[in-house]
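Trainee: Sharing a structure below in structure tokens format, with a few things to ask.
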Amino acid sequence: KQEVTQIPAALSVPEGENLVLNCSFTDSAIYNLQWFRQDPGKGLTSLLLIQSSQREQTSGRLNASLDKSSGRSTLYIAASQPGDSATYLCAVIGSGGYQKVTFGTGTKLQVIP
Amino acid sequence: DTEVTQTPKHLVMGMTNKKSLKCEQHMGHRAMYWYKQKAKKPPELMFVYSYEKLSINESVPSRFSPECPNSSLLNLHLHALQPEDSALYLCASRNRAGNTEAFFGQGTRLTVV
Chain L
207 KQEVTQIPAA LSVPEGENLV LNCSFTDSAI YNLQWFRQDP GKGLTSLLLI QSSQREQTSG
267 RLNASLDKSS GRSTLYIAAS QPGDSATYLC AVIGSGGYQK VTFGTGTKLQ VIP
Chain A
881 DTEVTQTPKH LVMGMTNKKS LKCEQHMGHR AMYWYKQKAK KPPELMFVYS YEKLSINESV
941 PSRFSPECPN SSLLNLHLHA LQPEDSALYL CASRNRAGNT EAFFGQGTRL TVV
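Those protein sequence lines, which keep their order, are chains L and A. The opening residue of the first sequence carries number 207 in this note's numbering; numbering runs sequentially from there. The opening residue of the second sequence carries number 881 in this note's numbering; numbering runs sequentially from there.
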């Protein structure tokens with residue numbers, strides 16, 4: 207069974223800092239990995255998708271990397287802003303016929319002005 | 881159109897009521913998902929439909945009954961729920977084949993009284 211863990215569980219940083227969120231998974235047989243953000247009480251907003259054949263993906267101030275063999279992904283946020291405050295979730299999409307999407311435990315980020 | 885639309889946004893129901901949640905997408909995706917999310921927890925997979933057939937049931941109690949009447953529509957029928965079933969219910973879809981991202985709706989906030 208796929209287990210996805212995110213470290214740290216919570217993070218508080220001053221505005222302007224660069225930061226790294228970590229995601230690890232136990233089964234490396236995945237199609238791809240997706241990063242989401244979730245604001246309190248809201249749905250999920252997709253940030254980045256990294257396909258299994260890719261090592262890295264960038265969108266604006268966000269950069270995500272994937273190392274399938276070691277079962278790890280990182281999300282790098284440059285020059286953090288108060289608007290980045292949210293819970294960040296990684297999700298792995300498994301290979302095989304069932305197309306399972308398994309979420310990590312989440313990192314709650316607070317960026318202090 | 882890259883949206884997954886869920887209705888209603890909020891639902892309050894009694895333990896003897898029967899209600900339904902609805903999810904719609906027009907992206908031609910053939911995999912559709914129901915997730916349940918409790919406060920401060922990641923989404924947990926409930927059901928996966930692939931080509932309108934149920935392919936995964938994560939041992940969900942029978943008081944939750946999914947239905948996929950066509951390739952664009954996914955329903956979740958609710959009956960005799962318990963207060964602990966109160967949660968955010970999220971629907972998602974993705975293209976069944978290939979390394980594609982999952983799209984999520986904004987969820988239905990369900991309260992069982």
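We put the beta carbon where it would ideally sit given N, CA and C, even for glycine.
Does any residue of chain A have a CB that is nearer than 7 Å to the CB of S291 (chain L)?
Mentor: no
Trainee: Once you ignore the five residues that flank N975 (chain A) on each side, which residues in its own chain have a CB closer than 6 Å to its CB?
Mentor: So the list reads H909, once near-sequence residues are dropped.
Trainee: Is T991 (chain A) near V884 (chain A), with beta carbons less than 7 Å apart?
Mentor: no
Trainee: Just curious, the beta strand (DSSP E) that Y294 (chain L) is in, first and last residue?
Mentor: A292 to G300
Trainee: Count the CB pairs spanning the segment 273–290 of chain L and the segment 948–957 of chain A that are closer than 8 Å, and state whether there are at least three.
Mentor: no
Trainee: Would you say F231 (chain L) lies against chain A (beta-carbon separation less than 7 Å)?
Mentor: no
Trainee: What is the rounded straight-line gap between the Cα of A960 (chain A) and the Cα of L901 (chain A)?
Mentor: 14 Å
Trainee: Check each residue of the segment 931–954 of chain A: if its Cβ is closer than 7 Å to any Cβ of chain L, include it; give the result in chain order.
Mentor: S935 and I936
Trainee: Measure the C-alpha to C-alpha separation of P963 (chain A) and S259 (chain L) and round it to an integer number of angstroms.
Mentor: Approximately 44 Å, taken between the alpha carbons.
Trainee: Assign D965 (chain A) to one of two classes, buried (16 or more other C-beta atoms within 10 Å of its C-beta) or exposed (fewer than that).
Mentor: Classification for D965 (chain A): buried.
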